[in-house]
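Colleague: Before I ask anything, here is the structure I am working with.
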Amino acid sequence: MTEKHAPAAPVILWFRFDLRLHDHAGVLAALESGRPVLPLYIWDEDVATRPMGAASKWWLHRSLEALDADLRKQGSRLIIERGNSQIILASLSREFGVKTIYCSKTFDPKNEQYDEELADELAAAGLELKRLNTTLLSSPGALSTQGGTPFRVFTPFYKALLASGACDIAPLPSLPETLWPKPAEWPASLTVADLGLQPKFTPSGKDWSKGFSRFRPGEAGARGALRHFLKNHLQSYEINRDRPDLDITSHLSPHLRFGEISPQRILFETERAADADHRLQAGAAKFRAELAWREFSYSLLTQQPRLHEINFRRDFDRFDWRQDDRQFRAWCRGETGYELVDAGMRELWQTGYMHNRVRMVAASFLVKHLLIDWRRGEQWFWDCLLDADPANNPASWQWVAGSGADAAPYFRIFNPITQAEKFDPKGDYRGRYIQGYTHLCTGTNNSRKQAELFDKQDKASNYPQPIVDHAQARDRALETYKNRAAYE
Ligand code: FAD
0 MTEKHAPAAP VILWFRFDLR LHDHAGVLAA LESGRPVLPL YIWDEDVATR
50 PMGAASKWWL HRSLEALDAD LRKQGSRLII ERGNSQIILA SLSREFGVKT
100 IYCSKTFDPK NEQYDEELAD ELAAAGLELK RLNTTLLSSP GALSTQGGTP
150 FRVFTPFYKA LLASGACDIA PLPSLPETLW PKPAEWPASL TVADLGLQPK
200 FTPSGKDWSK GFSRFRPGEA GARGALRHFL KNHLQSYEIN RDRPDLDITS
250 HLSPHLRFGE ISPQRILFET ERAADADHRL QAGAAKFRAE LAWREFSYSL
300 LTQQPRLHEI NFRRDFDRFD WRQDDRQFRA WCRGETGYEL VDAGMRELWQ
350 TGYMHNRVRM VAASFLVKHL LIDWRRGEQW FWDCLLDADP ANNPASWQWV
400 AGSGADAAPY FRIFNPITQA EKFDPKGDYR GRYIQGYTHL CTGTNNSRKQ
450 AELFDKQDKA SNYPQPIVDH AQARDRALET YKNRAAYE
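For the sequence shown, position 213 (counting from the first letter as 1) is numbered 212 according to numbering that gives the first Met the number 0, and the numbering increases by one without interruption.
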């Protein structure tokens, strides 16, 4: 690498949920400006729609460290600040003679509104805020139905996304091979540790985040996860993606949430792998559709900026939710007596992640078997998930609850027992998270025999008895749903 001559007035490259260097329109634009680049991160809790959850903070800490290390390899570094974004951007710009700030759109409506106001205020001070899409394949609002309205149903949305060409990715430009031009002098910076993002130890002195280590936050971790997935699991993705015991999905969700990899890079590499080996094509098509669900969630978030608080279908506003704190706690702790639900909730607590199939079953159990408001579950996930996402999390919860735009019908109530038999047939997944678990299901359909076997197991392992009876809970859920219909 050669060092470039650096002109005096730098540009600011303001990172948010785009913590990577490659495939990043803002990074390229900042470098192409030919000016010194001041990479900046601001911890500004006032701007966010909601405070970041504890698991996400854990991720952010490591992701910022990784970004700083990557920048240092380019001869640069990450400047870390804490406080009001507008004040910090304005004062840094004044001090260093900055005229242009590059940043990514977050597509979180409150942030977007803030950014527009910020752009106006910075413009009044002679500063330009250039906001670029580095997050999604297609900006929400770019696609609409023939009637000109935003999509509320996934399948036509997906068809329109494909037809728009947003999924046809041309080879992505690479980063220049030169060291980044740096300012004559670096501004003072906090350290990542100063932000206090690390989770506290539990009262008993345990490190809650110990089990998060299966993930490697940062751009290199994201690229590694993609490579591993394409090489080992894309081929069976279509068939096995619903099997938590096999656990073959990409685990890219937290990387996507923090923008450590672009969806364009994921699609590009996926299509390239599928072009080279036609056996991967079915898996690639399914995987692409899952990435499109993420785009759809952001489109819903744009339609309802308070998606985590407000029912997309307003007829759910009068739903008669139960306030049962004891059962809610049992659900959070993975002590409902339903193994798949409990294994999932324990996976969440221990690893900061939960398999998608199990998320659906666990969420459905809370909302339908326990009749507890989806917002309480969503908030718990928001705090515990490493991939807690302002669009995907509430959109998925509302999908499960039936209150979402293109939601699962309310009467579709997952049976946690048959779901376990189907998607975790040997009990390997449940065994991973339920201590002392031995899979006693003999494959018989005789539910009484199974009940006896499970009963023996419960006694042996102190595993809790079911907190509700499945059939009764199902009937109660359907009855409550019908009553809701009566309000309309
Ligand atoms: P893969 O199967 O490898 O999928 C690749 C990518 O596609 C994912 O990383 C994700 O970005 C996207 N994707 C996959 N499935 C969905 C989906 N159903 N909806 C939207 N995008 C999808 N996903 C989050 O990223 N953050 C959340 O906070 C979140 N909360 C959820 C809550 C509930 C109740 C449910 C049912 C689902 C939730 N999901 C959430 C969606 C999904 O469970 C995760 O994206 C997926 O499990 C992540 O694992 P993966 O990266 O291995 O997925």
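Ideal Cβ placement from N, Cα and C applies to all residues, glycine included.
Using a Cβ-Cβ cut-off of 8 Å (strictly less than) and excluding sequence neighbours within five positions of S298, which residues of its own chain qualify?
Modeller: On the sequence shown, position 299 is the one that residue 298 refers to. Taken in chain order, the residues that qualify are P139, G140, L142, P149, F150 and F156.
Colleague: Per DSSP, which one or two residues make a beta bridge with Y101?
Modeller: Translated into the one-based positions of the sequence shown, residue 101 becomes position 102. DSSP output for Y101 lists L12 and K129 as bridge partner(s).
Colleague: Is it the case that the CB of L339 approaches a heavy atom of the ligand FAD more closely than 7 Å?
Modeller: The count along the sequence shown starts at 1 and reaches residue 339 at position 340. No; taking the cut-off as 7 Å, the Cβ of L339 has no heavy atom of the ligand FAD nearer than that.
Colleague: Exposed or buried, what is P415 when buried is set at 16 or more other beta-carbons lying within 10 Å of its beta-carbon?
Modeller: Position 416 of the sequence shown, counted from the first residue, corresponds to residue 415. So P415 ends up on the buried side.
Colleague: Shortest alpha-carbon distance to A470 belongs to which of A221, E346 and I412?
Modeller: Translated into positions along the sequence shown, residue 470 becomes position 471. Checking every option, the nearest Cα to that of A470 belongs to I412.
Colleague: Can you give the beta carbon distance from T133 to G25, rounded, assuming they're within the 8 Å contact cut?
Modeller: The residue you call residue 133 lines up with position 134 of the sequence shown. The residue you call residue 25 lines up with position 26 of the sequence shown. Between G25 and T133 the Cβ distance is about 6 Å, and since that is below 8 Å, they are a contact.
Colleague: What span of residues does the alpha helix (DSSP H) with R81 cover, start to end?
Modeller: For this step, residue 81 is matched to residue 82 along the sequence shown. First-last for R81: I78 to R81, but that is the beta strand (DSSP E), not the alpha helix (DSSP H).
Colleague: Please classify V152 as buried or exposed, where buried requires at least 16 other C-beta atoms within 10 Å of its C-beta.
Modeller: Working through the sequence shown from its first residue, we reach residue 152 at position 153. It counts as exposed.
Colleague: Compare the C-alpha of Y101 against each of D107, R130 and C383 and name the closest.
Modeller: Position 102 of the sequence shown, counting from 1, holds the residue named residue 101. The shortest C-alpha separation from Y101 is found at R130.
Colleague: Which same chain residues end up closer than 7 Å to M359 when comparing Cβ atoms and leaving out the 5 residues on each side of it in sequence?
Modeller: Along the sequence shown, one-based indexing puts residue 359 at 360. Same-chain partners within the cutoff: V399 and F413.
Colleague: Quick one: Cα of M436 to Cα of L251, how far?
Modeller: For the purposes of this step, residue 436 is identified with residue 437 of the sequence shown, where counting begins at 1. For the purposes of this step, residue 251 is identified with residue 252 of the sequence shown, where counting begins at 1. Per the sequence shown, the amino acid found at residue 436 is Tyr instead of Met. Cα to Cα, Y436 sits roughly 29 Å from L251.
Colleague: Is DSSP giving P38 helix, strand or coil here?
Modeller: The residue you call residue 38 lines up with position 39 of the sequence shown. Looking at P38 - three-state DSSP - the assignment turns out to be strand.
Colleague: Assign W57 to one of two classes, buried (16 or more other C-beta atoms within 10 Å of its C-beta) or exposed (fewer than that).
Modeller: By 1-based counting over the sequence shown, the position of residue 57 is 58. W57 should be labelled buried.
Colleague: Residue range of the alpha helix (DSSP H) that A394 falls in?
Modeller: Within the sequence shown, numbered from 1, the residue matching residue 394 stands at position 395. That run of the alpha helix (DSSP H) goes N391 to A400.
Colleague: With distances taken from CA atoms, which of L30, L59, S103 and Q112 is nearest V46?
Modeller: One-based indexing of the sequence shown puts residue 46 at position 47. Nearest option by C-alpha distance: Q112.
Colleague: Does the Cβ of G442 have 16 or more other Cβ atoms within 10 Å, making it buried, or fewer, making it exposed?
Modeller: Position 443 of the sequence shown, counted from the first residue, corresponds to residue 442. Because G442 carries a pLDDT of 40, less than 50, the predicted location of this residue cannot be relied on, and no value is offered for it.
Colleague: Please report the Cβ distance between I371 and R305, rounded to the nearest whole angstrom; I am assuming they are in contact, meaning their Cβ atoms lie under 8 Å.
Modeller: Mapped onto the sequence shown, residue 371 falls at position 372. Mapped onto the sequence shown, residue 305 falls at position 306. The pair is not a contact, with the Cβ atoms about 20 Å apart (cut-off 8 Å).
Colleague: For I501, name the three-state secondary structure that DSSP assigns.
Modeller: The structure shown does not extend to residue 501, since the chain spans only 0 to 487, so no value can be given for it.
Colleague: Quick check: is any heavy atom of the ligand FAD less than 7 Å from the C-beta of D372?
Modeller: Here the question's residue 372 lines up with position 373 in the sequence shown. D372: no, Cβ never under 7 Å from the ligand FAD.
Colleague: Distance check for L384 and L121, CA to CA, integer angstroms please.
Modeller: On the sequence shown, residue 121 is found 122 positions in, with the first residue counted as 1. On the sequence shown, residue 384 is found 385 positions in, with the first residue counted as 1. Computed Cα separation, rounded: 35 Å.
Colleague: Taking 7 Å as the limit between beta carbons, can you name the residues of its chain near Y409, skipping five residues before and five after?
Modeller: The residue you call residue 409 lines up with position 410 of the sequence shown. Here the set comprises G401 and Y480.
Colleague: Using a 10 Å radius around the Cβ and a threshold of 16 neighbouring Cβ atoms, would you call P170 buried or exposed?
Modeller: Residue numbering aside, residue 170 sits at position 171 when the sequence shown is read from its first letter. Exposed, since its Cβ has fewer than 16 Cβ neighbours within 10 Å.
Colleague: Quickly, what does DSSP pair Q321 with across the bridge? List them, please.
Modeller: What you label residue 321 is simply residue 322 of the sequence shown in a count that begins at 1. The sequence given here has Arg at residue 321, not Gln. Paired residues: I371.
Colleague: In the DSSP assignment, the alpha helix (DSSP H) including I488 goes from what residue to what residue?
Modeller: Residue 488 lies beyond the range of the chain shown here (0 to 487); nothing can be said about it.
Colleague: Which one of Q397, G210, T301 and F318 has the shortest CA to CA distance from T105?
Modeller: Numbered from its first residue, the sequence shown carries residue 105 at position 106. Of Q397, G210, T301 and F318, the residue nearest in Cα terms is T301.
Colleague: With burial defined as no fewer than 16 other Cβ atoms inside 10 Å of the residue's Cβ, what is the status of E487: buried or exposed?
Modeller: Position 488 of the sequence shown, counted from the start, is the residue given in the question as residue 487. Caution is warranted here: a pLDDT of 49 is assigned to E487, below 50, making its placement in the model unreliable, and no coordinate value can be reported.
Colleague: Less than 8 Å separating the beta-carbons of A89 and A65?
Modeller: The count along the sequence shown starts at 1 and reaches residue 89 at position 90. The count along the sequence shown starts at 1 and reaches residue 65 at position 66. No. Outside cutoff.
Colleague: Examine the ligand FAD and report whether any of its heavy atoms sits within less than 7 Å of the Cβ of T248.
Modeller: Here residue 248 refers to the residue found at position 249 of the sequence shown. At least one heavy atom of the ligand FAD is nearer than 7 Å to the Cβ of T248, so yes.
Colleague: Beta-carbon separation of L495 and Y40 under 8 Å?
Modeller: The question about residue 495 has no answer here: the residues shown for the chain are numbered 0 through 487.
Colleague: What number of angstroms, rounded off, separates the C-alpha of S55 from the C-alpha of S208?
Modeller: Residue mapping note: residue 55 aligns to position 56 of the sequence shown, counting from 1. Residue mapping note: residue 208 aligns to position 209 of the sequence shown, counting from 1. Each residue's Cα considered, the two are about 11 Å apart.
Colleague: For the alpha helix (DSSP H) containing D114, name the first residue and the last one.
Modeller: Numbered from its first residue, the sequence shown carries residue 114 at position 115. Taken as a continuous stretch (DSSP letters only), the alpha helix (DSSP H) holding D114 covers P108 to A123.
Colleague: Output needed for V357: all residues of its chain with C-beta closer than 6 Å, excluding positions within five of it in sequence on either side, in chain order.
Modeller: Reading the sequence shown from its first residue, position 358 is the one you call residue 357. Only P243 and G343 meet the Cβ criterion.
Colleague: Below 7 Å, is the gap between the Cβ of W379 and the nearest heavy atom of the ligand FAD?
Modeller: Here the question's residue 379 lines up with position 380 in the sequence shown. False, no ligand heavy atom lies under 7 Å from that Cβ.
Colleague: Could you check what DSSP says for M0 in three-state terms: helix, strand or coil?
Modeller: Indexing the sequence shown from 1 puts residue 0 at position 1. A caution first: M0 carries a pLDDT of 45, below 50, which makes its placement in the model unreliable, though a value can still be read off. Reduced to three states, the DSSP call for M0 is coil.
Colleague: Going by beta carbon distance, what residues of the same chain come within less than 7 Å of L229, once the five residues before and after it are set aside?
Modeller: On the sequence shown, residue 229 is found 230 positions in, with the first residue counted as 1. For L229, where only same-chain residues beyond five positions count, the Cβ hits under 7 Å are E268, T269 and A272.
Colleague: What residue ranges within the region 271 to 316 form continuous alpha helix (DSSP H) runs of no fewer than 4 residues, ordered along the chain?
Modeller: Listed in chain order, they are 280 to 302.
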